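Per the numbering used here, the sequence shown starts with residue 256, numbered consecutively. Don't be surprised by glycine CBs; every beta carbon is placed ideally from N, CA and C. These numbers come from a predicted model, not from an experiment. Single-structure report; data block below.
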Amino acid sequence: MDIILTLLFGAIAGWLSGFFVFKAKSGLLWNIIIGLLGGFVGGWLLRLLGASGSFWTQWYGQIICAVIGAVILLWIWNAIKKLLK
């Protein structure tokens, strides 16, 4: 059940990050990948900044954390694509 919830949260985070960063149309698999990687990046960044507490352990805090990380990843991805053009 935890794997299903993780994939669901990843998909939601990847989909929500598309509202903050312009990206080409992408599918569910890409959203899940970006959301999952965003969760790692967001969690690492928030720990680095000292953000802790029970908010980040709740499901809505985890989605927000993953969206923050996914937005950062999409910004980096778009910057790399611009440099390679």
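Spatial neighbours of Leu-271 in its chain, beta-carbon cut-off 6 Å, leaving aside the 5 residues before and after: Stepping through the sequence shown from its first residue, residue 271 is reached at position 16. Close CB contacts of Leu-271 within its chain, under the 6 Å cut and outside five residues either way in sequence, are with Val-322 (chain order).
Which value, in whole angstroms, describes the spacing of the CA atoms of Leu-263 and Leu-328? Here residue 263 refers to the residue found at position 8 when the sequence shown is read from its first residue. Here residue 328 refers to the residue found at position 73 when the sequence shown is read from its first residue. Distance between the alpha carbons of Leu-263 and Leu-328 is about 19 Å.
Closest by CA to Leu-260, which one among Gln-317, Ile-331, Lys-337, Ala-334? Position 5 of the sequence shown holds residue 260. Of the residues Gln-317, Ile-331, Lys-337, Ala-334, the one whose Cα lies closest to the Cα of Leu-260 is Gln-317.
According to the Cβ coordinates, are Ala-268 and Gly-298 closer than 8 Å? For the purposes of this step, residue 268 is identified with residue 13 of the sequence shown, where counting begins at 1. For the purposes of this step, residue 298 is identified with residue 43 of the sequence shown, where counting begins at 1. Not closer than 8 Å, so no.
Nonlocal neighbours in the same chain, by C-beta distance under 6 Å from Ala-325, ignoring five residues either side: For the purposes of this step, residue 325 is taken as residue 70 along the sequence shown, with counting starting at 1. Excluding sequence neighbours, Ala-325 sits near Ala-268, Gly-269, Ser-272, Ile-289, Gly-290, Gly-293.
Would you mind sorting Ala-334 into buried or exposed? The rule is 16 or more other CB atoms within 10 Å of its CB. In the sequence shown, counting from the first residue as 1, residue 334 sits at position 79. That one is exposed.
8 Å contact criterion, which Ile-287 and Ala-266 should meet: CB distance rounded: Against the sequence shown, residue 287 aligns to sequence position 32. Against the sequence shown, residue 266 aligns to sequence position 11. Going by Cβ atoms, the distance from Ile-287 to Ala-266 rounds to 5 Å, so yes, they are a contact pair.
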